[in-house]
Each structure stands twice: as structure tokens, then as C-alpha cells.
Amino acid sequence: MSQNVQINPSQDLTVKASYILLALGFFFLLPIFLSVLLAYLSRSRGSELERKHLQYIIHIFWQSIFYAILSVIILLIGMLINSIWPLFLILVMEIHLIFKTIRGIIRFGENRAP
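Read in order, the letters of the sequence shown correspond to residues 137 to 250 in my numbering.
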């Protein structure tokens, strides 16, 4: 079910740029902060669909911060018990965030809510 929503070209570019920066943030640290900054500054403008996607980007950012803190705790526990299973959990969390980012990009391209 596709929504026929009028999308502002400049806001469309903002959402796409935020998603691209978010995806780059999985490899480099700075782009993820630029992505969330752009999303926070732009979320009050645009259509409802664009606002939902910008809010979704902010949600992914805060979830990734939580996962990073959780990863440090899991790694410390793993070092204490001398096990490698924490690395598997960290990998699962990272894959989950990458999946959510890709899903958001695809749904925005289809003019659907995240």
C-alpha cells in the first residue's frame, strides 16, 4: 500500500543524506553524528512521511548508542569469563542496526513509513 505523499525535493534530499550518513556511520564515527544532527534539525519540516523517517533515523542512532554501551559491558564480561560468545552477540546487534537502516532506505524510496 503506497502513500501518495507530496515530497519536498530539498527535504527528500535531507532524508536521503541522513540515511547515507547513518550507513557510513557503521564504518566511520563522524557521519553517524552528522546524520542525527541533520535529522534533529530537519524533523519539524516536510511531510508526515519525511518526519517519520527522520524520527526513525534518530531512533536508530539512540539504539546504536545503547548497543555500543551494551557491547562494552558484554566484552568486559567476555574477558572475565574468557569466552568469545560476546563477539557473536555484538555481531548480531550490528547486523540488526544495518538491517533497520537498509529497510528505512528502501521504504523511503517506496514512499512508505519506516
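Think of the CB as a built atom: it goes at the ideal place given N, C-alpha and C, for glycine as much as any other residue.
How about the segment 223 to 240 and the segment 184 to 199: do they share at least three Cβ pairs that are nearer than 8 angstroms? Enough Cβ pairs lie closer than 8 angstroms, so yes.
| said: Taking the alpha helix (DSSP H) that I217 belongs to, which residues open and close that run? | reply: Residues E184 to I217.
Q.
Can you look up G245 in the DSSP assignment and give me helix, strand or coil?
A. helix
- prompt: Taking I194 as the reference, which of L165, F224 and L173 has the closest Cα?
  reply: L173
**Asked** Where does S154 fall in DSSP's three states?
**Response** helix
Distance check for L216 and L160, CA to CA, integer angstroms please.
Separation of L160 and L216 (C-alpha to C-alpha, rounded to the nearest whole angstrom) is 32 angstroms.
Spatial distance of I231 from S178 (CA atoms): 27 angstroms
From R243 to L185, what does the alpha carbon distance come to, in whole angstroms?
10 angstroms
Taking the alpha helix (DSSP H) that I168 belongs to, which residues open and close that run? Per DSSP, I168 is one residue of the alpha helix (DSSP H) stretching across L166 to S178.
Is the separation between the beta-carbon of M229 and that of Y203 shorter than 7 angstroms? yes
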